[in-house]
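Colleague: Just so you know, the sequence shown maps onto residues 1 to 627 in full-length UniProt numbering.
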Amino acid sequence: MSMSLRLSSFPPALWRLQPPPPPPPPPVVSDTAAAATIPLSSARSRTRRFRCLLPSSLTTQNRAPKLPPLLSSPGDVPSPEQDAEDEEGEEEDRASSARDALSRLLHLEFGLSSDDASRVASNAPDYIRSLIDGVRELDELSLWDSSWKSTPLLVSSASASASAVAGFQEKVVFLAKQRGDRGKVAFLESIGLPLSSALSVARSVSSNSLPSLLRKVKVLKEILFSSSDVEVLLGKNARRMMMHLSIPVDEDVQLTLSFFEKIEARRGGLDMLGNKDASFLYLVESFPHLLSLPVESHVKPLVQFFESNGIPRGQVRNIILLFPPIIFNKVDDISKKVLVFQKILADSHDIGRMLLKYPWMLSTSIQVNYEAILLFFHMEKVPEPSSHRAIRYLPHIMGCSTSKLKLMVESLGELSVRNKKMGKVIAKSPQLLLRKPEEFFQVVSLLENLGFDRETVGKIVLRCPEIFAASIEKTLNKKLGFLKSMGISNDHLPRVIKKYPEVLVSDVDHTLIPRINYLMEIGLTKREIAFMVRRFSPLLGYSIEEVFIPKLEFLVKTMEKPLKEIVDYPRYFSYSLEKKIKPRYWVLKGRKVECSLKDMLSKNDEEFAAEFLDIERMPVPPAPSHL
């Protein structure tokens with residue numbers, strides 16, 4: 001019987017990718033009615049319309065019919081569970097048959113190897129389902145003609161069941177070819193893209209053959225995404241780049257912002273940038289023309305350029321994920337953009353470090369703002385070495401408008417931090433420039449509430465500007481609470497902080513607690529340690545291995561002094577063991593002079609010589625060779 005393919009007689013969506021409408025429920029008929037209205041041949045045909053698709057006749061034998069045969073008893077009617085199992089089995093048979101047909105099409109006509117074709121067909125379930133649904137709808141509407149039999153991909157068989165399978169597969173192949181994407185949609189789904197995205201990307205890479213597209217994906221993943229390292233900070237840096245952007249941006253940065261917004265809206269958010277498989281798919285989905293770039297003449301030279309500027313191959317992807325449009329730039333153009341920063345670089349590795357932190361520095365809008373920022377610092381009389389260092393260590397400054405920077409510069413000026421002092425502050429803590437004035441003054445108020453005046457607060461800014469860029473709740477209050485737990489009262493806090501403001505930004509778990517624990521292990525009590533900290537708080541910043549251990553060993557084993565000496569004079573740890581402690585000890589020992597650590601070390605050379613040697617200046621003898 002001749003079948004007619006009249007595709008213009010129904011909406012194209014019916015045979016493309018939309019699922020078919022649910023079938024109407026089967027009519028409920030009695031045995032008598034069925035006998036009167038349903039011919040035997042018709043009933044058998046309707047209940048077994050796809051049984052011919054099964055690959056083996058063994059699976060079709062002894063199966064209960066879905067519709068009761070004429071004159072059967074009610075006990076012969078299959079249960080709903082059996083119907084569901086039969087339906088599920090038939091669906092799997094269709095899917096298996098469709099996968100086989102697609103695999104052969106990809107291999108024999110579209111050029112993939114047999115293994116690659118099989119892998120693609122096995123990993124494109126939505127595409128396979130759309131083909132099956134398309135065949136089913138055209139079957140139900142009787143819209144086929146003989147043109148679907150023209151494919152030479154299948155071997156004919158005399159077996160009726162095998163012939164039916166071949167017919168179904170030929171229809172699958174026919175629909176797959178009619179779609180015109182030449183296997184690209186199935187391939188793109190097989191690498192992880194949703195079917196809707198695969199359709200969109202396939203249109204963008206239509207000029208590529210399927211084998212070429214497969215090779216390009218493999219090479220790009222190998223070059224850019226082969227590292228197994230999980231970059232957990234990528235998402236954090238992306239948020240930071242957006243947070244501190246306060247200038248009008250060019251098209252490339254705008255495309256990047258849209259890319260970030262799409263990822264942030266998905267499960268896992270921007271943290272998924274650190275997942276190499278997911279991030280590659282996001283990149284392809286948002287920038288499909290990436291797959292059209294020539295690998296040998298464009299992608300590889302670009303990677304080599306970044307590597308020559310100090311960026312490890314495994315981290316080149318970080319630059320591309322944080323600024324995807326850069327991959328479409330030629331190496332010569334990027335080289336010219338890099339030269340803009342030549343005057344602020346201290347060594348050849350600076351540009352690589354800056355790019356990893358802030359790849360937007362290669363965008364047009366950031367480069368224009370960079371020149372404006374240099375001029376701003378010059379007008380504020382900030383020394384060039386200081387402003388250059390600030391930009392090198394925190395290139396995010398280049399995304400900040402000069403009007404916003406001016407607010408922070410004026411805030412620092414209220415504490416008499418200007419010109420050279422300003423340079424010293426921003427060189428040491430450039431992140432302070434990105435603070436909001438209200439956040440800065442909250443820290444100022446915190447210190448004033450502890451008992452500091454404005455002048456002293458200004459000195460603390462110069463000594464440790466990191467305090468004013470820190471979070472009050474997460475950092476400063478936590479350190480104040482730790483000091484109080486040690487036994488430092490509110491009355492003593494100003495002295496402790498003034499002597500060693502760095503304590504407010506020291507890590508409690510990795511810096512402060514280990515030092516306290518060590519001093520307790522050698523025999524000091526918590527009260528004695530608190531007394532030492534009140535008298536000399538820089539004690540909390542000294543290295544255990546490089547300061548505490550060697551100086552305590554010399555104190556106890558060589559000088560034979562008790563630990564009480566360091567409780568009374570904790571400043572002992574601040575003096576050089578080789579240049580001051582040992583030479584003075586050997587001089588006093590040679591003269592058989594006994595004195596406290598304070599008397600031995602607190603005096604300058606002239607005072608020490610006058611008191612213990614009765615001469616104007618003391619020659620410092622070398623330490624004995626046996627030590």
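We put the beta carbon where it would ideally sit given N, CA and C, even for glycine.
Can you tell me whether Q510 is helix, strand or coil according to DSSP?
Modeller: Walking along the sequence shown from the start, residue 510 turns up at place 510. Sequence inspection shows His at residue 510; the Gln mentioned does not correspond to that position. If DSSP states are grouped into helix, strand and coil, H510 belongs with the helices.
Colleague: By how many angstroms is the C-alpha of K478 removed from the C-alpha of G269?
Modeller: Taking the sequence shown and counting its residues from 1, the one referred to as residue 269 is at position 269. Taking the sequence shown and counting its residues from 1, the one referred to as residue 478 is at position 478. Each residue's Cα considered, the two are about 29 Å apart.
Colleague: Under a Cβ-count criterion, where at least 16 other Cβ atoms within 10 Å of its own Cβ denotes burial, should R182 be classed as buried or exposed?
Modeller: Within the sequence shown, the letter at position 182 stands for residue 182. Buried: at least 16 other Cβ atoms inside 10 Å.
Colleague: Among the candidates V567, S602, Y569, G481, whose CA atom is the shortest distance from the CA of R584?
Modeller: Looking up residue 584 in the sequence shown gives position 584. If we check each option's Cα against that of R584, S602 comes out closest.
Colleague: What residue from S471, L552, S403 has the CA that sits closest to I247's CA?
Modeller: Along the sequence shown, read from residue 1 onward, the residue named residue 247 stands at position 247. Minimum Cα distance to I247 is reached at S403.
Colleague: Under DSSP, the alpha helix (DSSP H) around L138 begins and ends at which residues?
Modeller: Mapped onto the sequence shown, residue 138 falls at position 138. Taken as a continuous stretch (DSSP letters only), the alpha helix (DSSP H) holding L138 covers 125-141.
Colleague: Is G235 buried or exposed, if buried means 16 or more other CB atoms sit within 10 Å of its CB?
Modeller: For this step, residue 235 is matched to residue 235 along the sequence shown. When all chains shown are included, G235 counts as buried.
Colleague: Helix or strand or just coil, what does DSSP make of K592?
Modeller: Stepping through the sequence shown from its first residue, residue 592 is reached at position 592. In the structure shown, K592 sits in coil (DSSP, three-state: anything other than H, G, I, E or B).
Colleague: Looking at N275 and S190, is the spacing between their C-beta atoms short of 8 Å?
Modeller: Position 190 of the sequence shown, counted from the start, is the residue given in the question as residue 190. Position 275 of the sequence shown, counted from the start, is the residue given in the question as residue 275. The answer is no: Cβ separation not under 8 Å.
Colleague: Could you check where the alpha helix (DSSP H) with I488 kicks off and where it finishes?
Modeller: On the sequence shown, residue 488 is found 488 positions in, with the first residue counted as 1. Note, I488: premise wrong, no alpha helix (DSSP H); not H, not E.
Colleague: Could you give the distance in angstroms between the alpha-carbon of D115 and the alpha-carbon of L106?
Modeller: Position 115 of the sequence shown, counted from the start, is the residue given in the question as residue 115. Position 106 of the sequence shown, counted from the start, is the residue given in the question as residue 106. Cα-Cα distance, rounded: 10 Å.
Colleague: Could you pull out every residue in the same chain whose Cβ sits closer than 7 Å to the Cβ of V205, ignoring the five residues on either side in sequence?
Modeller: In the sequence shown, residue 205 corresponds to position 205, counting from 1. Closer than 7 Å at the Cβ level, and outside the excluded window around V205, lie K184, L213, P288, L291, S292.
Colleague: Classify T475 as helix, strand or coil using the three-state DSSP reduction.
Modeller: Counting from one through the sequence shown, the residue named residue 475 turns up at place 475. Note: T475 maps to helix in three-state DSSP.
Colleague: Can you give the Cα-Cα distance for D599 and K579, rounded to whole angstroms?
Modeller: By one-based count along the sequence shown, residue 599 stands at place 599. By one-based count along the sequence shown, residue 579 stands at place 579. Using only the alpha carbons, I get a separation of about 17 Å.
Colleague: Do V461 and L415 have their C-beta atoms closer together than 8 Å?
Modeller: On the sequence shown, position 461 is the one that residue 461 refers to. On the sequence shown, position 415 is the one that residue 415 refers to. Result yes, Cβ atoms of V461 and L415 sit closer than 8 Å.
Colleague: Just how far apart, CA to CA, sit S286 and V135?
Modeller: Counted from its first residue, the sequence shown places residue 286 at position 286. Counted from its first residue, the sequence shown places residue 135 at position 135. Spanning the two alpha carbons is a distance of roughly 32 Å.
Colleague: Would you identify the three-state DSSP class for V461, choosing helix, strand or coil?
Modeller: Numbered from 1 along the sequence shown, position 461 holds the residue referred to as residue 461. Helix, per DSSP.
Colleague: I'd like to know whether the C-beta atoms of S348 and G310 end up nearer to each other than 8 Å.
Modeller: What you label residue 348 is simply residue 348 of the sequence shown in a count that begins at 1. What you label residue 310 is simply residue 310 of the sequence shown in a count that begins at 1. Closer than 8 Å, so yes.
Colleague: For S206, which of helix, strand or coil comes out of DSSP?
Modeller: Indexing the sequence shown from 1 puts residue 206 at position 206. Three-state result, S206: coil.
Colleague: Is the beta carbon of L434 less than 8 Å from the beta carbon of I426?
Modeller: Mapped onto the sequence shown, residue 434 falls at position 434. Mapped onto the sequence shown, residue 426 falls at position 426. No, the pair does not count as a contact, with Cβ atoms beyond the cut-off.
Colleague: Hey, quick one: how far does the alpha helix (DSSP H) through G541 stretch, first residue to last?
Modeller: Within the sequence shown, the letter at position 541 stands for residue 541. Run containing G541: none; DSSP gives neither H nor E here.
Colleague: Quick check: the region 545-552 against the region 568-576, are at least 3 beta-carbon pairs closer than 8 Å?
Modeller: Taking 8 Å as the limit for Cβ pairs, the verdict is that the region 545-552 does touch the region 568-576.
Colleague: Taking the continuous alpha helix (DSSP H) assigned at D277, which residues delimit it?
Modeller: Counting from 1 along the sequence shown, the entry for residue 277 is found at position 277. Run containing D277: 276-286, per the alpha helix (DSSP H) assignment.
Colleague: What alpha helix (DSSP H) runs, 4 residues minimum, are completely inside the region 256-332?
Modeller: For the region 256-332, whole alpha helix (DSSP H) runs of length 4 or above, ordered along the chain, are 276-286, 300-308, 313-322.
Colleague: In angstroms, rounded to a whole number, what distance separates the CA positions of L412 and L245?
Modeller: For the purposes of this step, residue 412 is taken as residue 412 along the sequence shown, with counting starting at 1. For the purposes of this step, residue 245 is taken as residue 245 along the sequence shown, with counting starting at 1. For L412 and L245, the distance between alpha carbons rounds to 21 Å.
Colleague: Cβ of N208 within 7 Å of any heavy atom in the ligand ADP?
Modeller: Annotation note on the ligand ADP: not contained in the displayed structure, which lists no ligands.
Colleague: Should N237 go down as buried or exposed, given a rule of 16 or more other Cβ atoms within 10 Å for buried?
Modeller: As a first step, residue 237 is located in the sequence shown; it is residue number 237 there, counting from the start. Under this definition N237 is a buried residue.
Colleague: By Cβ distance, which residues of its chain are closer than 6 Å to D271, with the 5 residues on each side in sequence left out?
Modeller: As a position in the sequence shown, residue 271 is number 271, starting the count at 1. The residues are G235.
Colleague: Going by alpha carbons, who is nearest to I366 out of F341, K381, L447, E380?
Modeller: Counting from 1 along the sequence shown, the entry for residue 366 is found at position 366. The shortest C-alpha separation from I366 is found at F341.
Colleague: Pull up the CB-CB distance for L512 and L476, whole angstroms please, since I reckon it's below 8 Å.
Modeller: Working through the sequence shown from its first residue, we reach residue 512 at position 512. Working through the sequence shown from its first residue, we reach residue 476 at position 476. Between L476 and L512 the Cβ distance is about 14 Å, and since that is not below 8 Å, they are no contact.
Colleague: Do you know how far the Cα of F608 is from the Cα of L597?
Modeller: Working through the sequence shown from its first residue, we reach residue 597 at position 597. Working through the sequence shown from its first residue, we reach residue 608 at position 608. Answer to the nearest angstrom: the Cα atoms are 12 Å apart.
Colleague: Since P538 and K592 should fall inside the 8 Å C-beta cutoff, what is the C-beta to C-beta distance between them, to a whole number of angstroms?
Modeller: Counting from 1 along the sequence shown, the entry for residue 538 is found at position 538. Counting from 1 along the sequence shown, the entry for residue 592 is found at position 592. About 33 Å separates the two Cβ atoms, so there is no contact after all.
Colleague: Quick test of the definition: if touching needs 3 or more C-beta pairs under 8 Å, does the region 516-532 touch the region 463-477?
Modeller: Output reads no: the region 463-477 does not touch the region 516-532.
Colleague: Taking 8 Å as the threshold, find out whether the region 318-336 comes into contact with the region 295-308 through three or more Cβ pairs.
Modeller: Yes: the two stretches touch, three or more of their Cβ pairs being nearer than 8 Å.
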